[in-house]
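Trainee: If you're matching positions, the sequence shown starts at 1 in UniProt numbering and goes up one per residue.
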Amino acid sequence: MVETSSKTHPQVGFLSLADELIINILTRLDLRTLVRCHRVCSVLHSIIQSAVDLQYKINLDMVGMQDVPANNGVGIVDRLKMLKDHSRAWKEGNPTETVLDGQMADERYYTCGGVLGYVNIDRDMRESLSLIQIPSRSRGIPERRWTLKDIGSIHEVALDPSQNLLVVVSDDEDADPQGGWSSQLQILDLKTGETHRLAQQRVLRYASHIISDELGSTTDVAICGRFLAISYSRFQTSVGDLDGDRVDTIVVLDWMTGDTHLVRLSTVVLVQLPMICIASVSTEKMTGKLPTTFF
Numbered sequence: 001m002v003e004t005s006s007k008t009h010p011q012v013g014f015l016s017l018a019d020e021l022i023i024n025i026l027t028r029l030d031l032r033t034l035v036r037c038h039r040v041c042s043v044l045h046s047i048i049q050s051a052v053d054l055q056y057k058i059n060l061d062m063v064g065m066q067d068v069p070a071n072n073g074v075g076i077v078d079r080l081k082m083l084k085d086h087s088r089a090w091k092e093g094n095p096t097e098t099v100l101d102g103q104m105a106d107e108r109y110y111t112c113g114g115v116l117g118y119v120n121i122d123r124d125m126r127e128s129l130s131l132i133q134i135p136s137r138s139r140g141i142p143e144r145r146w147t148l149k150d151i152g153s154i155h156e157v158a159l160d161p162s163q164n165l166l167v168v169v170s171d172d173e174d175a176d177p178q179g180g181w182s183s184q185l186q187i188l189d190l191k192t193g194e195t196h197r198l199a200q201q202r203v204l205r206y207a208s209h210i211i212s213d214e215l216g217s218t219t220d221v222a223i224c225g226r227f228l229a230i231s232y233s234r235f236q237t238s239v240g241d242l243d244g245d246r247v248d249t250i251v252v253l254d255w256m257t258g259d260t261h262l263v264r265l266s267t268v269v270l271v272q273l274p275m276i277c278i279a280s281v282s283t284e285k286m287t288g289k290l291p292t293t294f295f
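(1) Evaluate Ser162 with the Cβ neighbour count: other Cβ atoms within 10 Å of its Cβ, from every protein chain shown; 16 or more gives buried, anything less gives exposed.
(2) Lys84: which of Gly258, Asn59, Val115 sits nearest, CA to CA?
(3) Given Arg145, which residues of its chain have a CB within under 6 Å of its CB, disregarding the five upstream and five downstream residues?
(4) Indicate the three-state DSSP secondary structure (helix, strand or coil) for Arg36 in the structure shown.
(5) Please classify Lys149 as buried or exposed, where buried requires at least 16 other C-beta atoms within 10 Å of its C-beta.
(6) May I ask you to list the residues that DSSP assigns as paired with Cys41?
(7) Under 8 Å by Cβ, that's how I've got Thr147 and Ser130 pegged, so tell me the actual separation to the nearest angstrom.
(8) Whole angstroms are fine: how far does the CA of Asp124 sit from the CA of Val115?
(9) Since Leu228 contacts Leu190 with CB under 8 Å, what's their CB separation in whole angstroms?
(10) Is Trp90 buried or exposed, if buried means 16 or more other CB atoms sit within 10 Å of its CB?
(11) Mind checking whether Leu204 and Leu185 have CB atoms under 7 Å apart?
(12) For a quick check, are the C-beta atoms of Leu54 and Leu26 less than 7 Å apart?
(13) With 16 other CB atoms within 10 Å as the buried threshold, where does Gly117 fall?
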């Protein structure tokens, strides 16, 4: 949308062109050049101020955001207004507020890609996973809430809305106690809680050798495309040794096929996206080199 300037300007060279044509040319400039034109020439400043498309482009840069193709029918005028409202909300400390339903369990909450998930406990102490699509006035995203029930005990969760993927880590109730503690991963559809359409199996099982409520034990999950990295940490103690040593175990698997890779590490585990990079430092061999495994 263009509101042509009513001001007259010198009929010389580039500035002698009609405002509509000048705006069309300015639209093709890179942002840095456009901002310079806006700052150094009063005539171009006036023209740019009258062009909503150019104002939107400049305001996006001011807040460090990028435009995406409009898929909800929102026009450029409304998008510029929402962008300015977003900037004003940050300056005035007036964010969008959302009230969580139910009782959150042990501050277990997870967020990724504009979706917030948290473990909810009902009166019968049964766990479920409540999810919220975080609303955004500036991007025209409405709030949406849903709850996934009957997914068993929940020890850790990972979300990837871009793949509509939900991964739930829990104990394997069917495991043989004499064979060592075992964990399971549920590969689920984020919206329905059903088996993910690209997963060959709903449940993947493997031996973690770490009991979920063991003192000092932790579990972390990272999603990288079709790969998952599950890191377990615990402290191994012996008689007379109160501190113990930290032992890290990491399982890397392809959640689509179920193929797994097991790497035992110590002291440090790094998971770096978009490539899974696993680095370890041994307390016994401090050579200054960092053994690294890539997947």
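All C-beta atoms in this analysis are idealised placements derived from N, C-alpha and C, irrespective of residue type, glycine included.
Mentor: Taking the structure as given:
(1) With fewer than 16 other Cβ atoms within 10 Å, it is exposed.
(2) Among Gly258, Asn59, Val115, the Cα nearest to that of Lys84 is on Asn59.
(3) Its chain contains Ile132 as the residues whose beta carbon lies nearer than 6 Å to that of Arg145, once the 5 sequence neighbours on both sides are disregarded; these appear in chain order.
(4) Arg36: helix per DSSP, three-state reduction.
(5) Counting other Cβ atoms within 10 Å of its Cβ, Lys149 stays below 16 and is therefore classed as exposed.
(6) Bridge partners of Cys41: none, in fact.
(7) That belief holds up - the Cβ atoms of Thr147 and Ser130 are roughly 5 Å apart, short of 8 Å.
(8) Roughly 27 Å between the two C-alpha positions.
(9) Rounded, the Cβ-Cβ distance is 15 Å, inconsistent with contact.
(10) The residue is exposed, with fewer than 16 neighbouring Cβ atoms inside 10 Å.
(11) In this structure, Leu185 lies closer than 7 Å to Leu204 by Cβ.
(12) Contact flag set, yes.
(13) Result: buried.
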